[in-house]
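So the protein lines, in turn, are chains R and H.
All the letters of the first sequence, read from the start, carry residue numbers 1 to 215 under the numbering used here.
All the letters of the second sequence, read from the start, carry residue numbers 1 to 10 under the numbering used here.
We treat Cβ as the ideally placed atom computed from N, Cα and C, and that holds for glycine.
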Amino acid sequence: MNILRLAGDMTHLISVIVLLLKIHSIKSCAGISLKTQELYALVFVSRYLNIFTDFISLYNTIMKLIFLGTSFSIVWYMRYHKIVRRSYDKDQDTFRHYFLVLPCLILALLINERFTFKEIMWTFSLYLEAVAILPQLVLLQRTKNTDNLTVQYIFLLGAYRALYILNWIYRYFTEPDYLHWITWISGLVQTILYGDFFYYYFLSWKNNVKLQLPA
Amino acid sequence: EIFHEPKDEL
Numbered sequence: 001m002n003i004l005r006l007a008g009d010m011t012h013l014i015s016v017i018v019l020l021l022k023i024h025s026i027k028s029c030a031g032i033s034l035k036t037q038e039l040y041a042l043v044f045v046s047r048y049l050n051i052f053t054d055f056i057s058l059y060n061t062i063m064k065l066i067f068l069g070t071s072f073s074i075v076w077y078m079r080y081h082k083i084v085r086r087s088y089d090k091d092q093d094t095f096r097h098y099f100l101v102l103p104c105l106i107l108a109l110l111i112n113e114r115f116t117f118k119e120i121m122w123t124f125s126l127y128l129e130a131v132a133i134l135p136q137l138v139l140l141q142r143t144k145n146t147d148n149l150t151v152q153y154i155f156l157l158g159a160y161r162a163l164y165i166l167n168w169i170y171r172y173f174t175e176p177d178y179l180h181w182i183t184w185i186s187g188l189v190q191t192i193l194y195g196d197f198f199y200y201y202f203l204s205w206k207n208n209v210k211l212q213l214p215a
Numbered sequence: 001e002i003f004h005e006p007k008d009e010l
């Protein structure tokens, strides 16, 4: 495993920790999209179907368990925790997430590397992950007072896929026969969706002001 | 079968 890949995984892990920290310490999920969190839980379930069938490494298995466990616990907190759920911006978080799920499933059935159940679910998870941030970005745009932890969470989540792209470029040049078009294009789309956010993130950082996306 | 080694990325 190269350093770029490890940095990507760690950024992903830290993003989840930042979110859980916010939920756990200030007992608030204000500004966080439950739609996006539910999509991530679905992404991990469909992608990690191989968790018990293909052993890659202890690191790999542990990380999969962490991502599955944390994504479901975040959804649980937002839906059922008696204090946390009160801070959920239900009226603002109106993105219809099933409009993302169905097209991704159809696309995975049409464009995949191999027509098997596991492979299609894997491909579906890649397509869905690429667009799963959309409800969160819409909510961010609607929210007037976004707290810093929410902004850092979204930034880290975007940085993770950007680091993965660098990892793919590195692997392409260092490993023979390393070609994964579906993964690359979905990852690229996912990172491009963050383009606007990144732009305003750096602007707010440079000018030392609170990030707010223009309506 | 170059595509179908076990997926090693997360």
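Please report how far the alpha carbon of TYR59 of chain R lies from the alpha carbon of ASP9 of chain R, in whole angstroms.
11 Å
First and last residue of the uninterrupted alpha helix (DSSP H) at ASN207 of chain R
It is not in any alpha helix (DSSP H) - ASN207 of chain R carries neither H nor E in the DSSP assignment.
Whole angstroms is fine: what's the gap from PRO103 of chain R's alpha carbon to LEU39 of chain R's?
13 Å
Beta-carbon separation of TRP218 of chain R and ARG47 of chain R under 8 Å?
Limits of chain R in this structure are 1 at one end and 215 at the other, which puts residue 218 of chain R out of reach.
C-beta atoms of GLN136 of chain R and VAL75 of chain R nearer than 8 Å:
no
Once you ignore the five residues that flank LEU21 of chain R on each side, which residues in its own chain have a CB closer than 8 Å to its CB?
LEU149
Can you tell which of R:TYR98, R:TYR201, R:PHE72 has its C-alpha closest to the C-alpha of LEU134 of chain R?
R:TYR98
Do we get a CB-CB distance below 8 Å when we pair MET63 of chain R with the residues of chain H?
yes
Quick one: does ASN208 of chain R have its CB under 8 Å from some CB of chain H?
no
Chain H beta carbons: is any one of them nearer than 8 Å to that of PRO196 of chain R?
Rather than Pro, the amino acid found at residue 196 of chain R in this sequence is Asp. Closer than 8 Å: no.
Selected residue, minimal CA-CA separation from ASP196 of chain R, among R:LEU213, R:LYS206, R:ILE165, R:VAL101
R:LEU213
So what's TYR194 of chain R in DSSP terms, helix, strand or just coil?
coil
In this structure, does DSSP put TYR88 of chain R in helix, strand or coil?
coil
Tell me, please, whether the CB atom of ASN50 of chain R is closer than 8 Å to any CB atom in chain H?
yes
Please tell me whether LYS64 of chain R and ILE83 of chain R are closer than 8 Å, where the distance is taken between their beta carbons.
no
Looking only at its chain, what residues have a beta carbon closer than 7 Å to the beta carbon of ILE120 of chain R, apart from the 5 residues adjacent to it on each side?
ALA108, LEU109, ASN112
Take the Cβ of GLU175 of chain R as the centre, count every other Cβ of all protein chains shown within 10 Å, and call the residue buried at 16 or more, exposed below.
exposed
Is it true that the CB of SER33 of chain R sits closer than 8 Å to the CB of LEU139 of chain R?
yes
Leaving aside the five residues before and after TYR199 of chain R along the sequence, list all residues of the same chain whose C-beta is less than 7 Å from its C-beta, in chain order.
none
For chain H, find out if any of its Cβ atoms is closer than 8 Å to the Cβ of TRP122 of chain R; answer yes or no.
yes
Buried or exposed: where does TYR77 of chain R fall if 16 or more other Cβ atoms within 10 Å of its Cβ makes it buried?
buried
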